[in-house]
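Counting in the working numbering, the sequence shown runs from 60 upward without gaps. Note that the Cβ used here is the ideal one computed from N, Cα and C, for glycine as well. Have a look at the structure below before the remarks.
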Amino acid sequence: MIRKRTVFMALVAASLWGAAAVAAEKTIELPVLTSPKAINDVITADDLVMQEFPSHRVKGDMLRDSTQIIGQAAKRQLLAGKPIRLIDLRREQLVQRGENVALIYRNGTLEITATGKAMESGALDDIIRVTNNNSNRTVDATITGPKQVEIRE
60 MIRKRTVFMA LVAASLWGAA AVAAEKTIEL PVLTSPKAIN DVITADDLVM
110 QEFPSHRVKG DMLRDSTQII GQAAKRQLLA GKPIRLIDLR REQLVQRGEN
160 VALIYRNGTL EITATGKAME SGALDDIIRV TNNNSNRTVD ATITGPKQVE
210 IRE
């Protein structure tokens, strides 16, 4: 949800002529972190609050909706209270290159599970190469969960 608000700030200078100066500043609410995040930390809803920024300081690549941020992982160190950009985030890596994964093959009611070695890292629904530890055959598999892949036909 994007909220825009115009804030009127008035500075009244009393003088002999009764002049007053009035300034208005438009603001936009953006989600920001409540505490710093390290590389690969996953951001949750509890990590975010909305904070107002002057609209002239809000750039087009700054994320305006917290749903775009929740569940993403930090690509770099992120600071609290600073706007978050899309390039600061990546999808959470559920499988890391070189780790053992559950390799699942399903065909109707038949399900075969083996152990494989991930040849690539990836996030949910990514297709990666996995080597079956028993046959040494390399297959393409879809990431379905943490350390879990499925062969789909």
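- Taking Asp100 as the centre and dropping the five residues before and after it, the same chain places the C-beta of Ala133 closer than 6 Å to its C-beta, in chain order.
- The closest CA to that of Arg188, considering only Asn166, Val154, Gln127, Leu169, is found on Val154.
- In the structure shown, Ile146 adopts helical secondary structure according to DSSP, grouped into three states.
- Minimum Cα-Cα distance from Glu84 among the listed residues Glu111, Ala173, Asp124 corresponds to Glu111.
- Per DSSP, reduced to three states, the secondary structure at Thr126 is helical.
- When Met109, Asp120, Thr190 are compared, the shortest CA-CA separation from Leu148 is found for Asp120.
- In terms of Cβ geometry, Ala182 and Gln152 form a close pair [threshold 9 Å].
- Where Gly175 is concerned, the enclosing beta strand (DSSP E) starts and stops at 169-177.
- Under the DSSP assignment, Val189 falls in the beta strand (DSSP E) whose first and last residues are 186-191.
- For Ala139, the secondary structure class from DSSP, reduced to helix, strand or coil, is coil.
- For the 9 Å CB-CB criterion, Asp106 and Lys96 form a contact.
- Between Ile128 and Ile143 a beta carbon distance of about 6 Å is seen, short of the 8 Å cut, so the two are scored as contacting.
- Secondary-structure assignment with DSSP links Glu209 through a beta bridge to Ile163, Thr201.
- The alpha-carbon of Gln131 is positioned some 26 Å away from that of Ile163.
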